[in-house]
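Everything on this sheet refers to the single structure shown next.
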Amino acid sequence: MTRSNVNLESTESALVALKAFFNIMAQWRVSEKEQRILLGKPDDLTFKRWKIGNVNVLENDVLVRISYVLGIYKNLATLFSEQRQANEWPHKLNRAFDGDSALNYMLLGQTVHLREVRHYLDAQL
960 MTRSNVNLES TESALVALKA FFNIMAQWRV SEKEQRILLG KPDDLTFKRW
1010 KIGNVNVLEN DVLVRISYVL GIYKNLATLF SEQRQANEWP HKLNRAFDGD
1060 SALNYMLLGQ TVHLREVRHY LDAQL
């Protein structure tokens, strides 16, 4: 195991993280192209393997990105009583993100953008 790769306790743990991510993406209606950006732009083959559950090791950056998405999802579930509202929020225009949607802000592609959306929602709780 290298410093840049985290071998989770088991491949099952990595699979659970990715499965949760992909389930959230389906609920938010995020395209595969956008999903790849949110995951840090893995190559096509890697992304396809992840989608079908073929994963052994996830880089730390990918784990951090998934963690932010999970936190955003959790915060939205806390803030909105209806799942529909929570799932629409990432697409809504928001002054906090220069008048753009949180999703488009996250799609700028850097981990910091995911972190800032998460922190924005943390502050709303």
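To convert, take the position in the sequence shown, counting from 1, and add 959; that gives my numbering. Positions of the beta carbon are idealized from the N, C-alpha and C atoms, including for glycine.
Proximal residues to residue i (C-beta, below 8 Å), its chain only, five neighbours per side dropped
| i | result |
| --- | --- |
| L1084 | N1034, T1037 and L1038 |
Proximity below 8 Å, CB of residue i to CB of residue j
| i | j | result |
| --- | --- | --- |
| S1060 | L1073 | no |
| V1016 | R1008 | no |
| V1028 | T1070 | no |
| F1006 | R995 | yes |
| F981 | K1010 | yes |
Three-state secondary structure (DSSP) of residue i
| i | result |
| --- | --- |
| K1007 | helix |
| L977 | helix |
| N982 | helix |
| V1093 | The shown model of the chain, from 960 to 1084, leaves out residue 1093, and the question about it has no answer. |
| S972 | helix |
Sequence-distant residues of its chain with Cβ nearer than 7 Å to residue i (five each side left out)
| i | result |
| --- | --- |
| M1065 | L997, H1072, L1073 and V1076 |
| V975 | none |
| S963 | Because S963 sits at a pLDDT of 45, beneath the cut-off of 50, its placement in the model cannot be relied upon, and the following sentence gives the value as read from the coordinates. Here the set comprises E1018 and N1019. |
| H1050 | S1060 and L1062 |
| M984 | Q994 |
Contacting residues, own chain, Cβ-Cβ under 6 Å from residue i (five flanking each side not counted)
| i | result |
| --- | --- |
| W1048 | L1035 |
| T1045 | One detail in the question is off: residue 1045 reads as Ala in this sequence, not Thr. Within the same chain, A1045 has close Cβ partners L1035, A1036 and F1039. |
Exercise for review: Please go through the region 1027-1083 and give each complete alpha helix (DSSP H) segment of 4 or more residues, from N-terminal end onward.
Suggested key: 1042-1047, 1061-1065 and 1070-1083
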